[in-house]
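Chains A and C supply the protein sequences, listed in that same order. Per our numbering, the very first residue in the first sequence carries number 1; after that it's consecutive. Per our numbering, the very first residue in the second sequence carries number 151; after that it's consecutive. Here is the structure we will look at, set down as structure tokens.
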Amino acid sequence: MESQNRRLMRDFKRLQEDPPTGVSGAPTDNNIMIWNAVIFGPHDTPFEDGTFKLTVEFTEEYPNKPPTVRFASKMFHPNVYADGGICLDILQNRWSPTYDVSAILTSIQSLLSDPNPNSPANSMAAQLYKENRREYEKRVKACVEQSFID
Amino acid sequence: MADDNIEPDQASFDKGYSEDANQVNQDDLILQQSKNIEKEISDSIMLVGDKEDIMVLEQQYIGDEVYKGKVKDLARKYSNLRRTRPDGNCFFRSFGFALLESLYHLEFNSFRLIAEKSKDKLLELGFQKFTLEDFHDQFMEVVNLISKPETNEDTLVEVFNNKDYSDYVVVYLRLIASGQLQQDADFYQNFIEGNRTVFEFCRQEVEPMFKESDHIHIIALSTALDVGVRVRYMDRGDSTEAIAHDFPEDKPPQIHLLYRPGHYDILYPL
């Protein structure tokens with residue numbers, strides 16, 4: 001078996017046997033290179049109760065290169081682009097092949113709790129996060145409600 | 151007009167939001183561009199090339215007296231050159247290939263023992279067992295090829311041009327270097343620029359693939375595996391010879407590498 005398929009099967013097995021709190025993921029039916037994942041909004045954050053869907057797309061270079069991860073659910077967050085793309089260092093220039101799918105999903109989950117408004121992908125969200133937290137939370141809550149319907 | 155009914159505050163928020171909707175995902179654009187450059191390189195240069203005569207270097211520097219002089223000097227000490235792909239992994243890949251090749255002549259079993267044990271040290275340092283084992287298994291598979299009688303130079307070139315093996319060897323060597331830096335963090339901290347801890351440096355500059363190597367990577371890897379490396383530096387400097395640096399300093403060289411600004415290849419002594 002090619003190494004990335006073997007590795008993806010191991011990632012999946014580990015995610016099933018030892019699932020981190022608040023995240024889940026699995027390959028799509030026909031294609032092990034494309035996964036669907038869900039991240040539950042962390043407690044004590046405006047994202048609480050949200051069920052946010054993501055797609056994780058691997059290339060044949062995984063795990064030497066990171067997969068492309070996008071929110072499929074609508075998101076309002078300083079580090080998430082309008083198209084769902086995520087601005088997170090470990091998914092770009094600080095990727096390490098020792099990260100697996102569990103590590104990726106839990107890192108994204110922490111990003112929800114701790115946005116980095118200094119490297120914004122959504123400048124509006126970053127500005128509100130810094131200057132008008134109430135309005136920020138209002139918009140995030142709208143995404144949480146939207147996530148129930150999606 | 152509808153706009154008149156919106157409070158000024160709200161209007162500016164809405165405007166900002168719609169601009170965001172059009173905000174281009176810069177990361178994707180940059181990724182696409184670097185992918186195109188990488189493809190150009192990977193289509194034209196093998197991960198590890200065939201052995202070439204050292205004098206091929208001369209043709210590369212026609213009309214350049216400084217470099218020509220240094221090529222002549224190299225040719226007095228080395229017979230051959232083997233190029234590697236300039237993808238940011240060239241040091242680790244060159245090191246890995248030259249190391250395994252050198253094991254034909256040297257004590258294979260003692261190295262295999264060091265390689266086997268290296269995993270335990272990394273686990274002690276807190277590397278994730280699940281992913282570490284994957285890389286270690288693949289690395290050992292390549293190391294063990296050397297002990298098989300049917301393995302020859304062509305086998306090694308083939309394996310090192312198969313990304314499934316070649317990149318896993320690079321990753322594992324990167325992890326070993328990272329482990330060494332972390333284990334002797336107090337010492338290595340002195341050589342790290344900027345306000346970074348050794349751990350951060352490892353996460354940012356050592357473990358990720360395609361990150362270029364510096365002296366500190368070479369010292370860490372050669373120390374961890376107890377393998378001497380001589381690097382010959384070919385640059386615009388005044389000297390008429392390609393100056394040699396040995397890592398670790400007191401260790402006789404087991405492998406020889408050629409450094410030209412930004413890139414490492416493998417050298418074969420006469």
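Don't be surprised by glycine CBs; every beta carbon is placed ideally from N, CA and C.
query, result
"Rounded distance between the beta-carbons of A:P117 and A:K130, thought under 8 Å", "5 Å"
"Cross-strand partners of C:D314 (DSSP beta bridge)", "Answer is none; C:D314 lacks a bridge partner."
"Stretch-stretch touch, CB-based, cutoff 8 Å, three pairs: the stretch 103-113 of chain A with the stretch 178-189 of chain C", "no"
"Neighbour flag for C:F280 against chain D, beta carbons, 7 Å", "No chain D is present in this structure, whose protein chains are A and C."
"Neighbour flag for C:Q182 against chain A, beta carbons, 7 Å", "no"
"Min CB distance A:P97 to chain C below 7 Å", "yes"
"Through-space distance from A:F52 to A:F40, alpha-carbon basis", "6 Å"
"C:P403 at chain A interface by Cβ criterion, 7 Å", "no"
"Under 8 Å from the C-beta of C:E357: neighbouring residues of chain A", "S96, P97 and T98"
"The beta strand (DSSP E) enclosing C:I204, as first and last residue numbers", "Here C:I204 belongs to no beta strand (DSSP E), and DSSP marks it neither H nor E."
"Opening and closing residue of the alpha helix (DSSP H) in which A:E136 lies", "For clarity, residue 136 of chain A is Tyr in the given sequence; the question names Glu instead. From DSSP, the alpha helix (DSSP H) with A:Y136 extends over R133 to I149."
"Buried versus exposed, by CB contacts within 10 Å (16 or more), C:E214", "A small correction: the amino acid at residue 214 of chain C is Asp; Glu does not occupy that position in the sequence shown. Flag for C:D214 reads exposed."
"Interface residues of the stretch 68-98 of chain A facing chain C [CB-CB below 8 Å]", "Y81, A82, D83, G85, C87, Q92, N93, R94, W95, S96, P97 and T98"
"C:T281 classed as buried or exposed, judged by whether at least 16 other C-beta atoms fall within 10 angstroms", "buried"
"Where the alpha helix (DSSP H) containing C:Y217 begins and where it ends", "E215 to K227"
"CB contact below 7 Å: A:T55 versus chain C", "no"
"Nearest to A:P78 (by Cα), restricted to the options A:E135, A:I104, A:D18 and A:L128", "A:L128"
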